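Chains as they are written, first to last, in my numbering: chain A, 35 to 176; chain B, 399 to 507. Even for Gly, the Cβ is constructed at its ideal location relative to N, Cα and C. Since we're looking at a predicted model, the values are computed, not measured. Have a look at the structure below before the remarks.
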């Protein structure tokens, strides 16, 4: 997908540069001087004053379209906004469950609520630690 | 009231909403300057130029709908009409006019 987007973008830029340069060269030709359009002021302002050759016009439009597709393709993907879809994807995929940093990843959107320091059972933890020390000392003695 | 109740039952991830809005506005800013280049090269003047911009913006909306939103904008935008189709329609207008006049001057003057 990314490689295709880069190729489409590069092609679009090349075509656009060629089209713009062709239009510039065409404007330097003595035959391209615009004839003043006739008609009333309203019809003159509404009529597009395009006197480019059809191939340059088509190339410009084509390259603009190509670049649009390339820009849309190369932009980062959209994320689902519904909580259930988003959290489901977070918990399902393997790379999302990987813990990359402290507090980032792990696949649990409620991790911030579940691991609150204020709700830590400090006496329980201390007892756990004391038991572990005791067990360690006993196993060393024997 | 109905909206609030609906949001309580199906909550929305704020972070994803912001990410999507940023992505769409990036695409719009880039393509607006691009349309300016095209319009200036074609030598469009006054109304046809603005019509060109609005047609191009509609095409870009269609591309986002088809390529990025998987034809299901409800899943990616809170209000699909405002956030995808009509949103940022005028945000890129100034950069469009900027590149439009620049390239018109380069190719015509």
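- Judged by DSSP in its simplified three-state form, residue 462 of chain B adopts helix.
- Judged by DSSP in its simplified three-state form, residue 41 of chain A adopts helix.
- Inclusion of residue 42 of chain A and residue 104 of chain A in the CB contact set at 8 angstroms is warranted, their separation being smaller than that value.
- C-alpha of residue 484 of chain B to C-alpha of residue 423 of chain B: approximately 12 angstroms in a straight line.
- When rounded, the separation of the alpha-carbon atoms in residue 106 of chain A and residue 464 of chain B is 10 angstroms.
- Under a criterion of Cβ atoms nearer than 7 angstroms, the residues of chain B adjacent to residue 113 of chain A are, in order, 414, 417 and 418.
- With contacts defined as CB atoms closer than 8 angstroms, residue 497 of chain B and residue 438 of chain B qualify as a contacting pair.
- Judged by pairs of C-beta atoms under 8 angstroms, the region 472-486 of chain B does not touch the region 441-451 of chain B, as fewer than three such pairs exist.
- Taking a contact as a CB-CB distance under 8 angstroms, the pair residue 476 of chain B and residue 115 of chain A counts as one, their CB atoms being some 6 angstroms apart.
- Taking a beta-carbon distance threshold of 8 angstroms, residue 436 of chain B counts as an interface residue toward chain A.
- A check of alpha carbon separations from residue 492 of chain B across B/403, B/448 and B/456 identifies B/448 as the nearest.
- DSSP places residue 144 of chain A outside any alpha helix (DSSP H), giving it a letter other than H or E.
- The count of Cβ pairs closer than 8 angstroms, one atom from the region 427-438 of chain B and one from the region 160-173 of chain A, stays below three, leaving the stretches out of contact.
- At a beta-carbon threshold of 9 angstroms, the residues of chain A lying near residue 429 of chain B are 98, 101, 102, 105 and 106, ordered along the chain.
- Looking at the backbone, the Cα of residue 89 of chain A and that of residue 98 of chain A are separated by about 14 angstroms.
- Per DSSP, residue 477 of chain B is not a residue of any alpha helix (DSSP H), being assigned neither H nor E.
- For the 8 angstroms CB-CB criterion, residue 482 of chain B and residue 102 of chain A do not form a contact.
- Around the CB of residue 426 of chain B, 16 or more other CB atoms lie within 10 Å, so the residue is classed as buried.
- DSSP, read as helix, strand or coil, puts residue 115 of chain A in coil.
- Look at residue 64 of chain A: its C-beta is not under 8 angstroms from any C-beta on chain B.
- Of all alpha-carbon atoms in A/128, A/124 and A/162, the one lying nearest the alpha-carbon of residue 145 of chain A is that of A/124.
- Residue range 88-108 is occupied by the alpha helix (DSSP H) that includes residue 104 of chain A.
- Within chain B, the residues placing a beta-carbon under 8 angstroms from that of residue 53 of chain A are 439, ordered along the chain.
- Between residue 494 of chain B and chain A, the shortest Cβ-Cβ separation is not below 8 angstroms.
- No Cβ-Cβ contact shorter than 8 angstroms links residue 44 of chain A with residue 108 of chain A.
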